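Undergrad:
Numbering (the numbering used here), first residue to last: 8 to 567.
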């Protein structure tokens with residue numbers, strides 16, 4: 008069984024959000040403050056409800072109720088609705104009978120509902136809650152059922168050193184209790200108890216006892232002295248495992264404490280302990296909730312950790328991440344992109360349910376590197392053909408009065424003209440299958456003369472919809488830059504430093520038309536595009552350069 012659908016209503020910044028989850032790996036990505044941690048906390052609240060055998064670490068407070076940005080009104084209730092898909096067998100249906108729903112087509116699922124509401128006046132209220140299973144509000148749930156749902160949470164600010172300390176209920180102890188056979192606790196406790204019958208232990212305990220009795224005799228009345236006996240505490244397997252601690256080997260005879268170890272490696276040790284415990288659990292449903300697994304890890308270790316997590320199918324995984332490294336390496340169908348729609352409401356898109364075709368996904372899986380993966384975290388995206396545009400667009404934006412980094416705009420160089428796979432993330436007629444942020448495509452018309460468009464450019468224009476703007480240059484990017492007369496002086500100066508022989512000839516020719524002159528200039532710099540763009544970044548300013556209108560429109564579309 009697995010959590011298939013999760014609805015969150017009026018919780019923190021989330022007004023009403025339904026997320027479709029995958030059976031195994033779910034990676035929640037998006038910009039800061041988009042609600043990733045709120046989703047994880049909502050899961051924690053639901054999974055921990057009724058879990059008396061697990062330490063509860065999260066509760067609803069008055070600050071968790073949704074506040075409307077438009078009216079300032081504070082919601083009266085918070086709701087969570089979970090729907091689990093189950094295998095078509097009688098075991099899970101029987102165990103979770105209180106949650107069971109039989110659909111009209113005969114399929115079965117499990118539903119768990121939690122509602123928190125205010126009781127009292129706006130200024131003086133208590134938070135109450137109710138939980139029910141199945142379809143009908145009020146259907147009770149037995150505690151025994153909830154004990155079959157088990158989860159472990161690793162927070163973004165986790166303290167591996169502290170979490171592995173030898174204290175009551177630590178995860179190392181939990182692991183040893185899970186891996187022990189039915190007879191091992193009794194057998195191992197017996198071995199320790201027998202060891203205290205050794206003469207050396209008996210003598211050691213007696214020396215301490217005699218020391219106490221000697222002083223006790225001297226400070227009590229004659230005849231009133233009662234000698235004490237000292238015995239070890241009764242051995243309990245749980246207490247023994249709770250006293251164990253992790254050490255780091257340094258030499259054959261010397262071990263280091265975790266405090267002497269690096270944060271990243273300590274996180275890996277703690278995560279390994281958690282995974283060992285989770286894998287051995289016998290509960291029918293198990294989940295790992297982990298925020299930012301990349302914490303304190305360099306990219307190569309991030310890849311190794313995430314690949315291992317993705318292969319473990321013994322439990323459902325819910326992961327939040329800001330790491331383009333992880334995003335670039337993962338299966339696209341595992342990604343759930345959080346974004347805001349035109350009404351400023353938080354939405355989610357499971358890429359498995361997006362408008363991407365299988366061929367789109369294959370292409371993106373091949374070409375999404377760490378840099379391009381940053382588009383999933385952006386507030387807007389501009390797609391360009393090559394390195395020249397990618398280098399120059401941030402500077403062009405500055406001349407127009409915009410800072411693309413401050414605006415959260417990502418420039419994605421697709422290294423060619425294969426825009427379709429990227430465009431399909433934004434241009435599905437069904438908004439629910441789109442990443443609802445503004446995007447634009449800048450590409451060349453590639454006609455032989457001004458006003459002509461090649462077949463590829465005509466197809467690119469068809470990608471445009473209400474979220475995606477497509478703007479074509481008139482012939483090429485370089486042609487557009489040069490045909491503006493104000494730009495020609497600085498462009499010729501830079502070209503002269505790269506191709507002095509050709510530029511000398513160029514300035515001496517009397518061209519039949521401006522168009523032929525402009526085409527010849529773009530031909531001259533065609534073999535030095537990146538060097539030309541790099542120099543241009545540092546030389547242009549508002550006095551000597553005007554940004555072409557089609558580029559201006561593409562930038563302003565994603566910014567405004």
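Think of the CB as a built atom: it goes at the ideal place given N, C-alpha and C, for glycine as much as any other residue. Given the structure is predicted, the values throughout are model-derived calculations rather than measurements.
Are at least three pairs of beta-carbons, each pair with one atom in the segment 473 to 493 and one in the segment 446 to 460, less than 8 Å apart?
TA: Judged by Cβ distances under 8 Å, the segment 473 to 493 makes contact with the segment 446 to 460, as three or more pairs qualify.
Undergrad: For a test of the three-state rule: what should DSSP assign to residue 452, helix, strand or coil?
TA: Position 445 of the chain shown, counted from the start, is the residue given in the question as residue 452. Looking at residue 452 - three-state DSSP - the assignment turns out to be coil, as it is neither helix nor strand.
Undergrad: Would you mind listing the beta strand (DSSP E) stretches within the segment 51 to 127 that are 3+ residues and don't spill past its ends, in chain order?
TA: 84 to 92, 107 to 109, 115 to 127, all fully within the segment 51 to 127.
Undergrad: If you check the beta carbons only, do residue 327 and residue 46 fall under 9 Å apart?
TA: For the purposes of this step, residue 327 is identified with residue 320 of the chain shown, where counting begins at 1. For the purposes of this step, residue 46 is identified with residue 39 of the chain shown, where counting begins at 1. For residue 327 and residue 46, yes; Cβs fall inside 9 Å.
Undergrad: Specify, as a first and last residue, the run of the alpha helix (DSSP H) that residue 315 falls within.
TA: Within the chain shown, numbered from 1, the residue matching residue 315 stands at position 308. Looking at the DSSP string, the run of the alpha helix (DSSP H) that includes residue 315 is 306 to 318.
Undergrad: Can you give me the C-alpha to C-alpha distance between residue 89 and residue 118, rounded to a whole angstrom?
TA: Counting from 1 along the chain shown, the entry for residue 89 is found at position 82. Counting from 1 along the chain shown, the entry for residue 118 is found at position 111. Each residue's alpha carbon lies about 6 Å from the other.
Undergrad: Just confirm the distance between the C-beta atoms of residue 274 and residue 302, as a whole number of angstroms; I'd bet it's less than 8 Å.
TA: Sequence index remark: in the chain shown, residue 274 carries index 267 (1-based). Sequence index remark: in the chain shown, residue 302 carries index 295 (1-based). So it is a contact: roughly 6 Å between Cβ atoms.
Undergrad: When you compare the CB positions of residue 357 and residue 396, do they come within less than 9 Å of one another, or not?
TA: Walking along the chain shown from the start, residue 357 turns up at place 350. Walking along the chain shown from the start, residue 396 turns up at place 389. Cβ atoms of residue 357 and residue 396: not closer than 9 Å.
Undergrad: Could you check whether the segment 500 to 508 touches the segment 455 to 473, counting it as contact only if at least three pairs of C-beta atoms, one from each stretch, sit closer than 8 Å?
TA: No, because fewer than three Cβ pairs between the segment 500 to 508 and the segment 455 to 473 fall closer than 8 Å, the two stretches do not touch.
Undergrad: Does the distance from the CB of residue 398 to the CB of residue 537 come in under 9 Å?
TA: Taking the chain shown and counting its residues from 1, the one referred to as residue 398 is at position 391. Taking the chain shown and counting its residues from 1, the one referred to as residue 537 is at position 530. Yes. Within cutoff.
Undergrad: Unbroken alpha helix (DSSP H) runs of length 4 or more, entirely within the segment 486 to 528: which are they?
TA: You should have 492 to 505, 507 to 515.
Undergrad: Does the Cβ of residue 284 have 16 or more other Cβ atoms within 10 Å, making it buried, or fewer, making it exposed?
TA: The residue you call residue 284 lines up with position 277 of the chain shown. Buried.
Undergrad: Does the beta-carbon distance from residue 1 to residue 416 come in below 9 Å?
TA: Nothing about residue 1 can be read from this structure; the chain reaches only from 8 to 567.
Undergrad: Using CA atoms only, rank isn't needed, just tell me which of 214, 235, 213 is closest to residue 223.
TA: Within the chain shown, residue 223 is the residue found at index 216, counting from 1. Closest by alpha carbon: 235.
Undergrad: Kindly give me the distance between the Cβ atoms of residue 132 and residue 125, rounded to whole angstroms, as I take these residues to be in contact under 8 Å.
TA: Looking up residue 132 in the chain shown gives position 125. Looking up residue 125 in the chain shown gives position 118. Sure, about 4 Å apart at Cβ, within 8 Å.
Undergrad: Which residue spans inside the segment 433 to 483 form an unbroken alpha helix (DSSP H) run of at least 4?
TA: With a minimum length of 4 residues, the continuous alpha helix (DSSP H) runs that stay inside the segment 433 to 483 are 462 to 468.
Undergrad: Based on the DSSP output, what are the partners of residue 185 in its beta bridges?
TA: Position 178 of the chain shown, counted from the start, is the residue given in the question as residue 185. None, per the DSSP bridge assignment.
Undergrad: Going by C-alpha distance, which of 349, 350, 305, 318 is nearest residue 330?
TA: Counted from its first residue, the chain shown places residue 330 at position 323. Answer by Cα proximity: 305.
Undergrad: Between the Cα of residue 53 and those of 544, 553, 122, spot the shortest distance and give me the residue it belongs to.
TA: Within the chain shown, residue 53 is the residue found at index 46, counting from 1. Measuring from the Cα of residue 53, the nearest candidate turns out to be 122.
Undergrad: Hey, could you find the ends of the alpha helix (DSSP H) residue 214 is sitting in?
TA: In the chain shown, the residue the question calls residue 214 occupies position 207. Taken as a continuous stretch (DSSP letters only), the alpha helix (DSSP H) holding residue 214 covers 206 to 225.
Undergrad: Just to confirm the assignment, what range does the beta strand (DSSP E) spanning residue 377 have?
TA: Counting from one through the chain shown, the residue named residue 377 turns up at place 370. Premise fails: residue 377 is in no beta strand (DSSP E) and is neither H nor E.
Undergrad: On the DSSP bridge assignment, give the partners of residue 137 in chain order.
TA: Here the question's residue 137 lines up with position 130 in the chain shown. Answer is 122, bridged to residue 137.
Undergrad: Could you tell me the distance, in whole angstroms, from the CA atom of residue 315 to the CA atom of residue 292?
TA: Position 308 of the chain shown, counted from the start, is the residue given in the question as residue 315. Position 285 of the chain shown, counted from the start, is the residue given in the question as residue 292. Taking the straight line from one Cα to the other gives about 20 Å.
Undergrad: Who are the near neighbours of residue 339 in its chain, counting only those whose CB is closer than 7 Å to its CB and skipping five residues on each side?
TA: The residue given as residue 339 occupies position 332 in the chain shown. Cβ within range, chain order: 358, 368, 371, 372.
Undergrad: For residue 417, which of helix, strand or coil comes out of DSSP?
TA: Within the chain shown, residue 417 is the residue found at index 410, counting from 1. It is a strand residue.
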